[in-house]
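Using full-length UniProt numbering, the first residue of the sequence shown is number 1, and each one after it goes up by one.
Where is the CB? At the ideal position from N, CA and C, for every residue including glycine.
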Amino acid sequence: MSKTIADHLAQTLAAADVTRIWGVTGDSLNGLTDSLEKLGAIRWMHTRHEEVAAFAAGAEAAATGKLAVCAGSCGPGNLHLINGLYDCHRSRVPILAIAAHIPSSEIGLGYFQETHPQELFKECSHFVELVTNPEQFPRVLERAMRAAISQQGVAVIVLPGDVALSDAPDVPAKWVNVAAPSVTPVDEDIQQLADVLNASKAITLLCGAGCADAHEQVVALADRLGAPVVHALRGKQYVEYDNPFDVGMTGLIGFSSGYHAMMSCDTLVILGSSFPYRNFYPADAKIVQIDLDPSALGRRTPIALGLVGGVRETVSALLPKLDRHEDRRFLDKALKHYAKAREGLDELATPSSPGNPIHPQYLTRLIDEQADADAIFTVDVGTPTMWAARYLHMNGKRALIGSFNHGSMANAMPQGLGAKAAFPERQVISMCGDGGLSMLMGDLLSVRQLNLPIKMVVFNNSSLGFVDMEMKASGYVPHGTDLYETNFAGIALGAGILGIRVENAEELPAALRKAFDHPGPVLLDVVTAKQELGIPPKIKLAQAKGFSLYMMRAVLSGRGDEVFELAKTNLR
């Protein structure tokens, strides 16, 4: 029996250790799903929405570091992949997306469901190619998989359904793994960086996701230089733990200590980070940057020196050339500031009085305390990300996944599916916003059907909380941010998932234990305070004026009770 293109695809993916494909089937994918069924080595992960499939594949790739795959049928099916693929691509995780297409003989004729995927996916991929001839396919597949893995991002193959059913050329379906290169700058550049650092008096390190395998080197560098370590959100899980030099995160949802450690240094060393907010970089400091991606150098702020290399390799080569900085006054000041900032944040993570909505800080603190030592957390964009950044503690075993670069809502639950499928033995906790969960809530049915026992904790404040807060900071009385007060636990029960609703703080510890101990999927619906503020570490005069203007406008528009509730919630 001859082998089809779909057979070749399935067999090649299996040879590359792919064990699942996320997607929603359709007639243009019939060849692929039939080949998967015959092969038996790759599971079709049936979601209700293709965007969920893309998010789930991205989380699988993020958790494992390996190639993950998603697929969408022709036209609307693969269009639904786009937002999730944007997130995957901007998160730099290796994804192969199969965009099925209309019959090849109908392309360009306005056929039913016709789109132009090879154009649509260009901006969210390193590689996208339309296959119109079966002879193309093995080489296109090889190129796509190499691009996704070597460049760390999305590759898309546009495959018409009739081509997938065509006979494949007589070539073996195989895959050869190639190790990623180890990149170290030339010695002259490393010496130049050492000279800059040896001459500096007050050095701060800013660490991002590029420090993933460099914890030991980063701590050694901080010790040698007497430098406080600030992390961007994506660097949190890699540098925060077992680090006596950590002074917290910077940025809109960060710590005042992280912000001031950067603003008061004379030299800032950026290690594997593309932290995007320019107004959080110091204006007067000398800035040097190490990154594996040459295009990242100087992208966010002007630099005095840039080195292309891995953080681990570069810092290892740099350390022998550095003098030890014995003056620790700058470091000690930053550490004291961090201790004070940490104390202030911890004081907010307390139970609310009976009858009042639960403080989200307290909820997140309890999640952190009760979660497993190797738990994987997926967090929705908005306030769940803010509370996770401030109250979840990393330890070198835990993982934190979110839409941190793309900033898409609705990511936490789908990413929980991908993480749990990849690591069924690990606890996966999805910290969902009520707005985010609502967007793709139909895939609660996928949670049940796929039987993936993730623990979904819904921060139910009946509001698009972060948007609401941004409006207030700009002086607007919020409009369009209120959400219908929804009982998500009841909806979960209707989907066959254990649903637990908590409205009082004293019930929360036991409810969390029940949710975490339950062997199946759980949705814990926690009614949280609507008017909770997350104050950024840098308060602009415009923001202070904005809050004053908001309060005045709220009173004048008959919403003075909202101002009272805001004060009551936050003045504690």
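Residue i and residue j look like a contact to me (Cβ under 8 Å); what is the Cβ gap, rounded to whole Å?
{"i": "residue 384", "j": "residue 432", "result": "7 Å"}
{"i": "residue 131", "j": "residue 140", "result": "6 Å"}
{"i": "residue 97", "j": "residue 61", "result": "Wrong, their Cβ atoms sit about 12 Å apart, outside the cutoff."}
{"i": "residue 275", "j": "residue 208", "result": "6 Å"}
{"i": "residue 338", "j": "residue 368", "result": "That pair is no contact at about 18 Å."}
{"i": "residue 205", "j": "residue 218", "result": "7 Å"}
{"i": "residue 592", "j": "residue 63", "result": "Since the displayed the chain opens at 1 and closes at 572, residue 592 lies outside it and no answer follows."}
{"i": "residue 363", "j": "residue 486", "result": "Not confirmed; about 17 Å, so no contact."}
{"i": "residue 150", "j": "residue 210", "result": "With 8 Å as the limit, residue 150 and residue 210 do not qualify as a contact, their Cβ atoms being about 16 Å apart."}
{"i": "residue 310", "j": "residue 182", "result": "6 Å"}
{"i": "residue 68", "j": "residue 415", "result": "Going by Cβ atoms, the distance from residue 68 to residue 415 rounds to 12 Å, so no, they are not a contact pair."}
{"i": "residue 169", "j": "residue 129", "result": "At roughly 17 Å, the Cβ-Cβ gap does not stay under 8 Å, so residue 169 and residue 129 are not in contact."}
{"i": "residue 39", "j": "residue 82", "result": "That pair is no contact at about 28 Å."}
{"i": "residue 116", "j": "residue 449", "result": "With a Cβ gap of about 33 Å, residue 116 and residue 449 do not count as contacting."}
{"i": "residue 366", "j": "residue 508", "result": "6 Å"}
Counting only the same chain and skipping the five closest in sequence on each side, list residues whose C-beta sits under 7 Å from that of residue i.
{"i": "residue 285", "result": "265, 266, 267 and 268"}
{"i": "residue 193", "result": "288, 305, 307 and 318"}
{"i": "residue 442", "result": "48 and 49"}
{"i": "residue 33", "result": "25 and 44"}
{"i": "residue 445", "result": "48 and 495"}
{"i": "residue 423", "result": "63 and 376"}
{"i": "residue 550", "result": "Note that residue 550 has pLDDT 44, beneath the 50 cutoff, so the model's placement of it is unreliable and the number below is only indicative. Excluding sequence neighbours, residue 550 sits near 472, 475, 476 and 477."}
{"i": "residue 243", "result": "219 and 229"}
Could you pull out every residue in the same chain whose Cβ sits closer than 6 Å to the Cβ of residue i, ignoring the five residues on either side in sequence?
{"i": "residue 340", "result": "none"}
{"i": "residue 379", "result": "385, 388, 402, 412 and 431"}
{"i": "residue 417", "result": "56 and 452"}
{"i": "residue 221", "result": "315"}
{"i": "residue 198", "result": "323"}
{"i": "residue 552", "result": "Any reading at residue 552 must be qualified, since the residue scores a pLDDT of 47, below 50, and its modelled position is unreliable; the value itself is stated next. Once the five neighbours on either side are set aside, residue 552 has no close Cβ partner at all."}
{"i": "residue 334", "result": "228, 247 and 261"}
{"i": "residue 86", "result": "124 and 406"}
Cα-Cα, which of the options is closest to residue i?
{"i": "residue 584", "options": "151, 391, 143 and 197", "result": "Limits of the chain in this structure are 1 at one end and 572 at the other, which puts residue 584 out of reach."}
{"i": "residue 7", "options": "18, 31 and 21", "result": "31"}
{"i": "residue 504", "options": "136, 498 and 512", "result": "512"}
{"i": "residue 324", "options": "227, 244 and 243", "result": "227"}
{"i": "residue 191", "options": "395, 271, 363 and 322", "result": "322"}
{"i": "residue 283", "options": "182, 303 and 299", "result": "303"}
{"i": "residue 15", "options": "172, 336 and 181", "result": "172"}
{"i": "residue 262", "options": "277, 281, 253 and 357", "result": "281"}
{"i": "residue 328", "options": "203, 357, 13 and 128", "result": "203"}
{"i": "residue 138", "options": "4, 437 and 185", "result": "4"}
{"i": "residue 52", "options": "366, 77 and 66", "result": "77"}
{"i": "residue 518", "options": "507, 526, 497 and 502", "result": "497"}
{"i": "residue 271", "options": "230, 244, 425 and 279", "result": "230"}
{"i": "residue 576", "options": "79, 109 and 54", "result": "With the chain covering only 1 through 572, there is no way to say anything about residue 576."}
{"i": "residue 330", "options": "223, 421, 2 and 174", "result": "223"}
{"i": "residue 238", "options": "348, 86 and 215", "result": "215"}
{"i": "residue 400", "options": "244, 85, 332 and 429", "result": "429"}
{"i": "residue 356", "options": "92, 235, 234 and 502", "result": "502"}
{"i": "residue 133", "options": "245, 167 and 146", "result": "167"}
{"i": "residue 332", "options": "257, 346 and 277", "result": "257"}
{"i": "residue 179", "options": "189, 290 and 66", "result": "66"}
{"i": "residue 93", "options": "145, 107 and 79", "result": "145"}
Here's a check: name, in chain order, each residue in its chain whose Cβ is nearer than 8 Å to the Cβ of residue i, leaving out the five neighbours to either side.
{"i": "residue 427", "result": "371, 372, 374, 375, 376, 455 and 516"}
{"i": "residue 102", "result": "28, 74, 75, 111, 112, 113, 114, 160 and 161"}
{"i": "residue 397", "result": "373 and 374"}
{"i": "residue 187", "result": "317"}
{"i": "residue 458", "result": "432, 433, 434, 437, 488, 523, 524, 525 and 526"}
{"i": "residue 382", "result": "409, 433, 435, 436, 464, 465, 466 and 467"}
{"i": "residue 19", "result": "41, 42 and 43"}
{"i": "residue 354", "result": "504, 505 and 506"}
Can residue i be considered in contact with the ligand NAP, in the sense that its beta carbon sits closer than 8 Å to one or more heavy atoms?
{"i": "residue 457", "result": "Among the components modelled here there is no ligand, and therefore nothing to report on the ligand NAP."}
Using a Cβ-Cβ cut-off of 9 Å, state whether residue i counts as contacting chain D.
{"i": "residue 55", "result": "Given the protein chain composition of this structure (a single chain), no chain D is represented."}
In chain order, each beta strand (DSSP E) run of at least 3 residues that lies wholly inside the segment 280-364: 286-291 and 305-308
Are the segment 97-106 and the segment 154-165 in contact at 8 Å, needing three or more beta carbon pairs? yes
Should the segment 478-494 be called in touch with the segment 391-410, which here means at least 3 C-beta pairs below 8 Å? no
Does the segment 290-297 come into contact with the segment 162-169, if we say contact requires no fewer than three beta-carbon pairs (one atom in each stretch) closer than 8 Å? no
In the segment 177-262, which residue ranges form an unbroken beta strand (DSSP E) of at least 3 residues, counting only runs that do not cross its ends? Fully enclosed beta strand (DSSP E) runs of 3 or longer: 203-207, 229-231 and 246-249.
What are the complete alpha helix (DSSP H) segments, minimum 4 residues, inside the segment 372-445? 383-391, 412-422 and 434-439
Ranges of the alpha helix (DSSP H) found wholly within the segment 4-68, counting only runs of at least 4: DSSP runs (the alpha helix (DSSP H)) wholly in the segment 4-68: 5-15, 30-39 and 50-64.
Run through the segment 486-510 for me and flag every whole alpha helix (DSSP H) of 4 or more residues, listed as ranges in chain order. 488-494
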